[in-house]
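Report on one structure; see the data block that follows.
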Amino acid sequence: IYTNWIIGNIQETGYYRANYDVATWHKIHHLLFESNWGGIHELNRAQIVDDLLNLARASVIDYDLALQILEYLETETNYLPWTAAFNGYNYLVIRLGTDIGNFGRYIRQLTQKSYNLLGFEEKSSDSTLAIYTRSKILSWSCKFGNSECITKAKEYFNLIILRQAMQLPLPPLLLPSIM
19 IYTNWIIGNI
29 QETGYYRANY
39 DVATWHKIHH
49 LLFESNWGGI
59 HELNRAQIVD
69 DLLNLARASV
79 IDYDLALQIL
89 EYLETETNYL
99 PWTAAFNGYN
109 YLVIRLGTDI
119 GNFGRYIRQL
129 TQKSYNLLGF
139 EEKSSDSTLA
149 IYTRSKILSW
159 SCKFGNSECI
169 TKAKEYFNLI
179 ILRQAMQLPL
189 PPLLLPSIM
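Residue numbers are given in the working numbering: position 6 of the sequence shown equals residue 24, and the series is strictly consecutive.
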């Protein structure tokens with residue numbers, strides 16, 4: 019369907035940023051909303067996220083365009099694209115200071131699917147990347163006001179305190195999160 023354009027720097031083989039004209043960015047945006055992210059490899063999705071946020075930071079592209087394309091993250095469930103996003107969003111958080119109301123809603127919306135999919139608690143069947151992704155999603159979800167996340171974090175903390183007060187061993191899945 020999209021045969022008149024390409025994605026550069028396939029699977030990040032080079033140390034450079036890839037920028038596209040606005041029409042191509044919109045084509046990439048539409049592909050990212052297709053099933054399986056339009057066949058765009060996870061490394062390339064991470065690269066696209068990283069490039070978008072850094073190009074916007076350098077005023078090469080508009081933040082409106084970058085944030086619009088990054089709305090695809092609502093469907094993202096993989097570690098690398100989320101890590102690239104959160105790294106870039108850290109800069110925005112610093113720049114926004116205390117004026118984060120709209121940004122908080124944006125983050126809650128983006129992270130909701132992954133939050134629901136990964137859940138709050140680790141499962142013994144979780145892969146290492148699922149554990150890392152959950153950690154990042156929970157951190158940002160709670161930080162930006164996901165009320166369920168905040169409630170569960172408080173319950174989790176109270177469970178740790180109670181078990182320690184009763185001198186009970188902590189469940190194995192709790193140990194890495196408090197050490």
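Backbone N, C-alpha and C fix where the C-beta goes; we use that ideal spot for every residue, glycine too.
Residue burial classification, residue i (beta-carbon count within 10 angstroms, cutoff 16)
i: Ile168; result: exposed
i: Asp69; result: buried
i: Phe162; result: buried
i: Asn62; result: buried
i: Ser159; result: buried
i: Ile19; result: With a pLDDT of 49 at Ile19, under the threshold of 50, the modelled position of this residue cannot be trusted; read the value that follows with caution. With fewer than 16 Cβ atoms within 10 Å of its Cβ, Ile19 is classed as exposed.
i: Gly119; result: exposed
i: Ile79; result: buried
i: Pro187; result: exposed
i: Leu177; result: exposed
i: Val67; result: buried
i: Gln185; result: exposed
Residue range of the unbroken alpha helix (DSSP H) whose run includes residue i
i: Trp55; result: It is not in any alpha helix (DSSP H) - Trp55 carries neither H nor E in the DSSP assignment.
i: Leu61; result: 60-75
Beta-carbon proximity check, residue i vs residue j, cutoff 7 Å
i: Thr151; j: Tyr97; result: yes
Practice problem: Could you tell me whether the region 173-188 touches the region 120-130, using the rule of 3 or more Cβ pairs below 8 Å? | Solution: By the Cβ criterion, the region 173-188 is not in contact with the region 120-130, since fewer than three pairs of Cβ atoms, one from each stretch, lie closer than 8 Å.
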